[in-house]
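In the UniProt record's numbering, the protein residues as written are 1 to 251.
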């Protein structure tokens, strides 16, 4: 058995144990908050310290796989796609796929959730904000899939003044928009319906660093050929680069 296979088996076992923490959460209360706040919830303490520490230990090697990009007036920063995480940090995809973890997310959202296809480089990814001015402007996490898309953000490293700013009920004409801002500290989490929550990350300051992990789950993995092309172009230009996205999409 190869070293990679052994490491992945260990990571799967670790993730199974680490996902047990969701059983200790007061899920009915959290679900009420999630539903009341436009399918949005932020928790300052979510991941066990041990899990966050394991993710942090992967950062030096993962930093070599960062693809940086700059879109004037919208985005500047670095990203690491699922393909690099599969190879360099298998405990991350193991947690993403963990049945206990997904079952908890289903209880929170009230939806039957599916992991994204292997051809989707954004199913799970790391965002590296490591240079002054790194940021992303206001946006929705628009889904190109036929169903809903839920985004889970997890704090890994936060040595910064950058904040997650968000606006709730922006699409609801009968509700007043509610805005707030939070620091995504290590172990913190934010779960939301990507098509409903308007959000951004404010610019990084000098000598600061912010690294976060994103998981994407959907209710329907169907995507038309045109939507797949648009999604791939977005991921190529704004996140991972053409070589990473289109080479993998041909698998």
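The beta-carbon is built from N, C-alpha and C at its ideal position, and this holds for glycine as well. Values in this document were obtained by computation on a predicted structure and should not be read as measured data.
When the Cα of residue 147 is compared with those of 20, 133, 179 and 111, which residue comes out closest?
Along the chain shown, one-based indexing puts residue 147 at 147. Of 20, 133, 179 and 111, the residue nearest in Cα terms is 111.
Those residues which DSSP pairs with residue 133 across a bridge:
If you number the chain shown from 1, residue 133 lands on position 133. Residue pairing of residue 133 in beta bridges, as defined by DSSP: absent, with no partner found.
Pull up the distance between the alpha-carbon of residue 167 and that of residue 83, whole angstroms please.
Here residue 167 corresponds to residue number 167 of the chain shown, with the count starting at 1. Here residue 83 corresponds to residue number 83 of the chain shown, with the count starting at 1. Distance between the alpha carbons of residue 167 and residue 83: 32 Å.
Those runs of the alpha helix (DSSP H) which lie wholly inside the segment 64-145 and span at least 4 residues:
The alpha helix (DSSP H) runs lying completely inside the segment 64-145 and spanning 4 residues or more are 82-88, 91-97 and 99-109, given in chain order.
Quick one: Cα of residue 101 to Cα of residue 203, how far?
Numbered from its first residue, the chain shown carries residue 101 at position 101. Numbered from its first residue, the chain shown carries residue 203 at position 203. A direct Cα-Cα distance of roughly 32 Å separates residue 101 from residue 203.
In the DSSP assignment, find the unbroken alpha helix (DSSP H) run with residue 34 in it and report its ends.
Looking up residue 34 in the chain shown gives position 34. Note, residue 34: alpha helix (DSSP H), 27-36.
In or out: residue 90 buried (at least 16 other Cβ within 10 Å) or exposed?
Locating residue 90 in the chain shown gives position 90, counting from the first residue. The residue is buried, with at least 16 neighbouring Cβ atoms inside 10 Å.
Taking all protein chains shown into account, decide if residue 18 is buried (16 or more other Cβ within 10 angstroms of its Cβ) or exposed.
Position 18 of the chain shown, counted from the start, is the residue given in the question as residue 18. The residue in question, residue 18, is buried, as its Cβ has 16 or more Cβ neighbours within 10 Å.
Straight-line CA distance for residue 152 to residue 73?
Position 152 of the chain shown holds residue 152. Position 73 of the chain shown holds residue 73. If you take the alpha carbons of residue 152 and residue 73, they lie about 25 Å apart.
Within the continuous alpha helix (DSSP H) that includes residue 50, where are the two ends?
Residue 50 sits at position 50 when you count from the first residue of the chain shown. Counting along the chain, the unbroken alpha helix (DSSP H) around residue 50 starts and ends at 49-57.
Report the three-state DSSP secondary structure of residue 21 (helix, strand or coil).
The count along the chain shown starts at 1 and reaches residue 21 at position 21. Residue 21: helix per DSSP, three-state reduction.
With a Cβ-Cβ cutoff of 8 Å, do residue 195 and residue 128 count as a contact?
As a position in the chain shown, residue 195 is number 195, starting the count at 1. As a position in the chain shown, residue 128 is number 128, starting the count at 1. No, the Cβ-Cβ distance between residue 195 and residue 128 is not below 8 Å.
Integer Cβ distance of residue 31 from residue 108, believed to fall under 8 Å
Start at 1 with the first residue of the chain shown, and residue 31 comes out as number 31. Start at 1 with the first residue of the chain shown, and residue 108 comes out as number 108. Confirmed, about 5 Å.
Could you have a look at residue 62 and say whether DSSP puts it in helix, strand or coil?
Start at 1 with the first residue of the chain shown, and residue 62 comes out as number 62. In the three-state scheme derived from DSSP, where H, G and I count as helix and E and B as strand, residue 62 is classed as helix.
Within this structure, are the beta carbons of residue 113 and residue 221 separated by less than 8 Å?
Here residue 113 refers to the residue found at position 113 of the chain shown. Here residue 221 refers to the residue found at position 221 of the chain shown. No; because the gap between Cβ atoms is not below 8 Å, this pair is not in contact.
Buried or exposed, going by whether 16 or more other CB atoms sit within 10 Å of the CB of residue 253?
Absent from the model: residue 253. The displayed extent of the chain is 1 to 251, so no value can be given.
In angstroms, rounded to a whole number, what distance separates the CA positions of residue 187 and residue 92?
As a position in the chain shown, residue 187 is number 187, starting the count at 1. As a position in the chain shown, residue 92 is number 92, starting the count at 1. Here the alpha carbons of residue 92 and residue 187 stand approximately 14 Å from one another.
For residue 185, does the three-state DSSP call read helix, strand or coil?
In the chain shown, counting from the first residue as 1, residue 185 sits at position 185. DSSP, reduced to helix, strand and coil, places residue 185 outside both helices and strands of the structure shown, so it counts as coil.
Within 10 angstroms of the Cβ of residue 15, are there 16 or more other Cβ atoms? Answer buried if so, exposed if not.
Looking up residue 15 in the chain shown gives position 15. Confidence at residue 15 is low in this model, with a pLDDT of 47, below 50, so its placement is unreliable and the value that follows should be read with caution. Around the C-beta of residue 15, 16 or more other C-beta atoms lie within 10 Å, and the residue is accordingly described as buried.
From the DSSP output, which residues share a beta bridge with residue 157?
Against the chain shown, residue 157 aligns to sequence position 157. Looking at the DSSP output, residue 157 shares a beta bridge with 211.
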